[in-house]
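A.B. asks: Chains as they are written, first to last, in the working numbering: chain A, 1 to 340; chain B, 1001 to 1340; chain C, 2001 to 2340.
Ideal Cβ placement from N, Cα and C applies to all residues, glycine included.
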Amino acid sequence: MPVRLLNPAVEVADTLLRGVGQVMFQNNPITGLLFLVGIFINSYKYGLTALLGLVVATLAAYLLGADRTLIRNGLFGFNGVLLGITLSVFLEWDWHVAVYIILGAIVSTIVMMALAKLFVSWDMAPLTAPFVLTAWLLLFALYQFGHLHPTKLIHPMLVHPGAVIQTDLQEATGGNGAVGWTATNLANAWFRGVGEVFLQDNVWTGVIFAIAILVNSRISLGFALLGSALGGLTALALGGDGVTIYHGLYGFNAVLTGVALGGLFLVLNWRSTIYALMGAIFSAIVFAAIAVALSPIGMPALTAPFVLTTWVFLLPAAGFRTLRRISVAEVRTPELTRAE
Amino acid sequence: MPVRLLNPAVEVADTLLRGVGQVMFQNNPITGLLFLVGIFINSYKYGLTALLGLVVATLAAYLLGADRTLIRNGLFGFNGVLLGITLSVFLEWDWHVAVYIILGAIVSTIVMMALAKLFVSWDMAPLTAPFVLTAWLLLFALYQFGHLHPTKLIHPMLVHPGAVIQTDLQEATGGNGAVGWTATNLANAWFRGVGEVFLQDNVWTGVIFAIAILVNSRISLGFALLGSALGGLTALALGGDGVTIYHGLYGFNAVLTGVALGGLFLVLNWRSTIYALMGAIFSAIVFAAIAVALSPIGMPALTAPFVLTTWVFLLPAAGFRTLRRISVAEVRTPELTRAE
Amino acid sequence: MPVRLLNPAVEVADTLLRGVGQVMFQNNPITGLLFLVGIFINSYKYGLTALLGLVVATLAAYLLGADRTLIRNGLFGFNGVLLGITLSVFLEWDWHVAVYIILGAIVSTIVMMALAKLFVSWDMAPLTAPFVLTAWLLLFALYQFGHLHPTKLIHPMLVHPGAVIQTDLQEATGGNGAVGWTATNLANAWFRGVGEVFLQDNVWTGVIFAIAILVNSRISLGFALLGSALGGLTALALGGDGVTIYHGLYGFNAVLTGVALGGLFLVLNWRSTIYALMGAIFSAIVFAAIAVALSPIGMPALTAPFVLTTWVFLLPAAGFRTLRRISVAEVRTPELTRAE
Chain A
1 MPVRLLNPAV
11 EVADTLLRGV
21 GQVMFQNNPI
31 TGLLFLVGIF
41 INSYKYGLTA
51 LLGLVVATLA
61 AYLLGADRTL
71 IRNGLFGFNG
81 VLLGITLSVF
91 LEWDWHVAVY
101 IILGAIVSTI
111 VMMALAKLFV
121 SWDMAPLTAP
131 FVLTAWLLLF
141 ALYQFGHLHP
151 TKLIHPMLVH
161 PGAVIQTDLQ
171 EATGGNGAVG
181 WTATNLANAW
191 FRGVGEVFLQ
201 DNVWTGVIFA
211 IAILVNSRIS
221 LGFALLGSAL
231 GGLTALALGG
241 DGVTIYHGLY
251 GFNAVLTGVA
261 LGGLFLVLNW
271 RSTIYALMGA
281 IFSAIVFAAI
291 AVALSPIGMP
301 ALTAPFVLTT
311 WVFLLPAAGF
321 RTLRRISVAE
331 VRTPELTRAE
Chain B
1001 MPVRLLNPAV
1011 EVADTLLRGV
1021 GQVMFQNNPI
1031 TGLLFLVGIF
1041 INSYKYGLTA
1051 LLGLVVATLA
1061 AYLLGADRTL
1071 IRNGLFGFNG
1081 VLLGITLSVF
1091 LEWDWHVAVY
1101 IILGAIVSTI
1111 VMMALAKLFV
1121 SWDMAPLTAP
1131 FVLTAWLLLF
1141 ALYQFGHLHP
1151 TKLIHPMLVH
1161 PGAVIQTDLQ
1171 EATGGNGAVG
1181 WTATNLANAW
1191 FRGVGEVFLQ
1201 DNVWTGVIFA
1211 IAILVNSRIS
1221 LGFALLGSAL
1231 GGLTALALGG
1241 DGVTIYHGLY
1251 GFNAVLTGVA
1261 LGGLFLVLNW
1271 RSTIYALMGA
1281 IFSAIVFAAI
1291 AVALSPIGMP
1301 ALTAPFVLTT
1311 WVFLLPAAGF
1321 RTLRRISVAE
1331 VRTPELTRAE
Chain C
2001 MPVRLLNPAV
2011 EVADTLLRGV
2021 GQVMFQNNPI
2031 TGLLFLVGIF
2041 INSYKYGLTA
2051 LLGLVVATLA
2061 AYLLGADRTL
2071 IRNGLFGFNG
2081 VLLGITLSVF
2091 LEWDWHVAVY
2101 IILGAIVSTI
2111 VMMALAKLFV
2121 SWDMAPLTAP
2131 FVLTAWLLLF
2141 ALYQFGHLHP
2151 TKLIHPMLVH
2161 PGAVIQTDLQ
2171 EATGGNGAVG
2181 WTATNLANAW
2191 FRGVGEVFLQ
2201 DNVWTGVIFA
2211 IAILVNSRIS
2221 LGFALLGSAL
2231 GGLTALALGG
2241 DGVTIYHGLY
2251 GFNAVLTGVA
2261 LGGLFLVLNW
2271 RSTIYALMGA
2281 IFSAIVFAAI
2291 AVALSPIGMP
2301 ALTAPFVLTT
2311 WVFLLPAAGF
2321 RTLRRISVAE
2331 VRTPELTRAE
């Protein structure tokens, strides 16, 4: 929990860094700082757009008069971080994109509060839904606007029931890298899965993110790594595209689902552990499903699979005797919750 | 209402059979048994996958610690039944499909409890939405997974505003069967509409299902048959595809909507009867609408039209003086409700 | 507020005219009458189908037993008005369309009450969502029904990331009209944006609508005109299609969003004014986004962008100290609210 700090500049920095940390539910400025380091190591551009989204979204919450404690805990920053990175990943850079990020970051703060109010009677968190909804609307629109240019990551496709999928784990089809279950390939899939939570397709960024989580919670790190592994393995078992798996795209939603259900929103015990891991597995399938649903317009699933799976797995908790929910207002690290 | 039975094995069988009966809101083990007979008569494979989904979904509810009375009433079985059949209808059989059914059945139980908690303040039932959502996610994903192979029923299509639709009622275009409003064709459309509630495209299965409903409630049977007739006739009147109508695909959502609104969730009187029949008619149009929305990815509407129409028609009841809702917890047969 | 009138025929006319006025939240029979004049000036057909939808939707509310005060305020008429016009704009005229409008108008009243009950704990209005949902379902279905024929406004398209968009403001590509930021072109975009709220692509209709709003509220007119201007300018700034902008299609959702957020559901002050105008800007982007999402099946966005944006911007109000919501039951003109 953040305390009142003497120096206002430090307080602002602390708030912003917690905002970065909250992307993975880590209310810890050091974790946030290390996340930023991981992003900048991969790409200065993504680092700067993450900061732009973060600052604008947090400032909007302040100017609109949101609850100060929520702002201080970084709860109005994380959607802006993801939004800033996402728009710069899927749009060619241009000053229009900067304006777009600023507008989107403001709207993400409004959507955050809207969902918080919408869910209040179920005691459910908006998770990264504000980012997903805002980013989807802004990205869908790009086909109608001549001043916005999509990057090559946007490619609409018609599905074909008989299409062949190459299932060998590898960096790129026809590339020089090793093919199949090599240690390198598996390590890449595993840590890129952590990196892709922030859309960073970089194994070392993933390693830094893992260290960043460790600073705040061993249990969260455990579920993050288990999630990434299970997401990738689920896709491998079902015959998913090997290049997609290598780059961690089946992992990142499972990372977030694992962390959210693993001792954070549910009291940790062996049954809730199995439940959390089943959620991580299911989120990898939901990722494939949402990717298919969006394929005619070529749009990315983002973290929607995590949001959908986690809501579905948290809502029933009061109805299942084996599970116990932790109230949104009382979420801390899994370690602190267990110590009570 | 199920009572405590002396023999645990009988109690388990009773629970499971009620789960089958609940697909059409019939909390009656004999009805459930006859439904199973109807399915097995059409196809052993579908019968066995129905049982697999049923057992796993019910067992998951038990292991997660759901309310025993709800389990005993079969409320955690029916989504599993439909999910098991659906995945074996739209996927080529393979051990991956068995794993997929097991995973899906577990998730259907989680979604069932999630929606029950979500709707509690409106006193609304999840209906078959847990089945629809889970099946959609699992089916959408198949395009991304090389080890899952769709059957020929999955065929993505681009819509064309000027496309010609053949509106003659017949078994198959260019087949040898009679064409048009013959007694045989109409009887097929009518009873296959009942059979298709469980995805069984078989006129005799439809007849057995009708008998099964009659065992529990004459009124429900009346609305099921009226629903199937109105669904098919609506499509005929608007110029729907004659082969689709023959195979009962415009009927099954109208069957379910008719049964749900006909004395089950609404107190029966002549106004609510008209209201229920209007719901049945509208559900046939919603079926066409959802089929179109899903056509670019070639996915089936399942019972989503029924779910959507019934929610929309039940929610306003407290606001319309002519209608009176029956609380979800007090739903019985229409006959028992009237007798009060 | 309507009062009890001596003559029942006058009372019915008053009720129906308020229903037309409520399309833009103007609970005033003179405004409603002028709206009708504007529609008939553009097209007798649209005027008559608007009346058909209006009468059927209002009558359905009466027969189902909805609250009389709500009916008297026109709250069960406006969705019918829009539905009637929309079906006659997107479907070739035929008696099937008349039946379709009657069925749709009845359903729009049911959906209106359903959403009112659904939103009661958030004190949120259904806005034009009943119209949007009902019209979408009825329009999507047309591809499956041979007796319904779409007009040329329905044209499914596959998106292409690199497609060139012509951004010059003009009446028609390759037409004789002036090209670019001429006073005529800008005036057309501006007032057609107001006209398109009722799907009337006519600059004079837009002018009459503006006068109609002025009769009831200067503030609403101000936000309507600001909304239309901002919607069009947002599209111009981002490089939207110049012909689409000329015909007011980027304006109408921004008009409605501006009116709803501008002193009507939020207490007017300078911060809520900026907030409302930001909503108007965002709704223009949401319009593009929803148009893209629906492009594979060629369906129109209707007023969904307004509904979505306004819900998202109203829900957080209690969480932002700078904003103050006006309860749905206490909505009047912005002028009357300020005078308190």
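#1: To the nearest angstrom, how far is it from the Cα of residue 1216 of chain B to the Cα of residue 1036 of chain B?
#2: Please report the straight-line C-alpha distance between residue 2310 of chain C and residue 2257 of chain C, rounded to a whole angstrom.
#3: What is the DSSP secondary structure of residue 305 of chain A, counted as helix, strand or coil?
#4: Figure out for me which residue from A/233, A/91, A/316 and A/109 has the closest Cα to the Cα of residue 56 of chain A.
#5: Shorter than 7 Å from the beta carbon of residue 1154 of chain B to some beta carbon of chain A?
#6: Taking its Cβ as the centre, do 16 or more other Cβ atoms sit within 10 Å of residue 1080 of chain B, making it buried, or is it exposed?
#7: Evaluate contact between the region 68-84 of chain A and the region 13-28 of chain A, counting only Cβ atoms and requiring at least three cross-stretch pairs below 8 Å.
#8: Ordered along the chain, which non-local residues of its own chain (more than five positions away) have a Cβ less than 7 Å from that of residue 1115 of chain B?
#9: Within 10 angstroms of the Cβ of residue 327 of chain A, are there 16 or more other Cβ atoms? Answer buried if so, exposed if not.
#10: For residue 1094 of chain B, count neighbouring Cβ atoms within 10 angstroms of its own Cβ and tell me buried if that reaches 16, exposed if not.
#11: Can you tell me whether residue 1091 of chain B is helix, strand or coil according to DSSP?
#12: At the level of alpha carbons, what is the spacing between residue 2333 of chain C and residue 2096 of chain C?
#13: Report the three-state DSSP secondary structure of residue 2300 of chain C (helix, strand or coil).
#14: If we count the other Cβ atoms within 10 Å of its Cβ and call it buried at 16 or more, is residue 1099 of chain B buried or exposed?
#15: For residue 1106 of chain B, which residues in chain A fall below 8 Å Cβ to Cβ?
#16: Under 8 Å by Cβ, that's how I've got residue 2041 of chain C and residue 2211 of chain C pegged, so tell me the actual separation to the nearest angstrom.
#17: Looking at the unbroken alpha helix (DSSP H) that takes in residue 2335 of chain C, where does it start and where does it end?
#18: Which of the three DSSP states, helix, strand or coil, is assigned to residue 2029 of chain C?
#19: Examine chain B for any beta-carbon lying closer than 7 Å to the beta-carbon of residue 213 of chain A, and answer yes or no.
#20: Using the three-state DSSP reduction, which class does residue 2325 of chain C fall into: helix, strand or coil?
#21: Among C/2174, C/2269, C/2104 and C/2135, which one has its Cα closest to the Cα of residue 2325 of chain C?
#22: Along chain B, which residues have their Cβ under 8 Å away from the Cβ of residue 2145 of chain C?
#23: Roughly how many whole angstroms lie between the Cα atoms of residue 2247 of chain C and residue 1071 of chain B?
#24: Any idea if residue 1121 of chain B is buried or exposed, counting beta-carbon neighbours within 10 angstroms, 16 or more meaning buried?
#25: Using a Cβ-Cβ cut-off of 7 Å (strictly less than) and excluding sequence neighbours within five positions of residue 2185 of chain C, which residues of its own chain qualify?
#26: At 7 Å on the CB atoms, spell out the chain B contacts of residue 292 of chain A, in chain order.
#27: Just by C-beta distance, which residues in the region 1071-1102 of chain B are closer than 9 Å to chain A?
#28: Output, in sequence order along the chain, the residues in the region 117-136 of chain A whose CB is closer than 9 Å to any CB in chain B.
#29: Report back the beta-carbon spacing between residue 303 of chain A and residue 132 of chain A to the nearest angstrom; my notes put them in contact at under 8 Å.
#30: Would you decide whether residue 181 of chain A is buried or exposed? Buried here means 16 or more other CB atoms lie within 10 Å of its CB.
#31: Measuring only between beta-carbons, confirm whether residue 1041 of chain B sits less than 7 Å from chain C.
#32: What residues in its chain sit with their C-beta under 6 Å from that of residue 2033 of chain C, if we drop five residues either side in the sequence?
#33: Run through the DSSP bridge pairs and tell me what residue 2266 of chain C is partnered with.
#34: Considering only residues of the same chain and omitting the five flanking positions on each side of residue 2204 of chain C, which have a CB-CB separation below 7 Å?
#35: Tell me the DSSP bridge mates of residue 2150 of chain C?
#36: Can you tell me the Cβ-Cβ gap for residue 2019 of chain C and residue 2058 of chain C, rounded? I've got them flagged as a contact below 8 Å.
C.D. replies: With the given structure in hand:
#1: For residue 1216 of chain B and residue 1036 of chain B, the distance between alpha carbons rounds to 15 Å.
#2: Approximately 6 Å, taken between the alpha carbons.
#3: Helix, per DSSP.
#4: Checked all of A/233, A/91, A/316 and A/109; the closest Cα to residue 56 of chain A is A/109.
#5: Nearest CB-CB separation between residue 1154 of chain B and chain A: below the 7 Å threshold.
#6: With 16 or more Cβ atoms within 10 Å of its Cβ, residue 1080 of chain B is classed as buried.
#7: Of all C-beta pairs linking the region 68-84 of chain A to the region 13-28 of chain A, three or more are shorter than 8 Å, placing the two stretches in contact.
#8: Within the same chain, residue 1115 of chain B has close Cβ partners 1126, 1129 and 1130.
#9: Exposed: under 16 other Cβ atoms inside 10 Å.
#10: Per the 10 Å Cβ criterion, exposed.
#11: Here residue 1091 of chain B sits in strand by DSSP.
#12: Roughly 39 Å between the two C-alpha positions.
#13: Note: residue 2300 of chain C maps to coil in three-state DSSP.
#14: In this structure residue 1099 of chain B is exposed. Its beta-carbon is surrounded by fewer than 16 other beta-carbon atoms within 10 angstroms.
#15: Result: 278.
#16: At roughly 12 Å, the Cβ-Cβ gap does not stay under 8 Å, so residue 2041 of chain C and residue 2211 of chain C are not in contact.
#17: Looking at the DSSP string, the run of the alpha helix (DSSP H) that includes residue 2335 of chain C is 2334-2339.
#18: Annotated three-state conformation of residue 2029 of chain C is helix, per DSSP.
#19: Not one chain B Cβ lies under 7 Å of residue 213 of chain A.
#20: DSSP places residue 2325 of chain C in the strand class (E or B) of the three-state scheme.
#21: The shortest CA-to-CA distance from residue 2325 of chain C to any of C/2174, C/2269, C/2104 and C/2135 is the one to C/2269.
#22: Contacts between residue 2145 of chain C and chain B, judged by CB atoms closer than 8 Å, involve 1165, 1235, 1238, 1239, 1240 and 1288 in chain order.
#23: Distance between residue 2247 of chain C and residue 1071 of chain B, taken at the CA atoms: about 58 Å.
#24: Per the 10 Å Cβ criterion, exposed.
#25: Same-chain partners within the cutoff: 2169, 2170, 2178 and 2246.
#26: Those are 1140, 1141, 1143, 1144 and 1297, listed as they occur along chain B.
#27: Residues passing the 9 Å Cβ filter: 1096, 1099 and 1100.
#28: Listed by position along the chain: 121 and 122.
#29: That belief holds up - the Cβ atoms of residue 303 of chain A and residue 132 of chain A are roughly 6 Å apart, short of 8 Å.
#30: It is exposed - the Cβ of residue 181 of chain A has fewer than 16 other Cβ atoms within 10 Å.
#31: Taking CB atoms only, residue 1041 of chain B has no neighbour in chain C less than 7 Å away.
#32: Taking residue 2033 of chain C as the centre and dropping the five residues before and after it, the same chain places the C-beta of 2017 closer than 6 Å to its C-beta, in chain order.
#33: Answer is C/2325.
#34: Apart from sequence neighbours up to five positions away, the residues of its chain that approach residue 2204 of chain C with a beta-carbon distance below 7 Å are 2041, ordered along the chain.
#35: C/2091.
#36: About 6 Å separates the beta carbons of residue 2019 of chain C and residue 2058 of chain C, which is inside the 8 Å limit, making them a contact pair.
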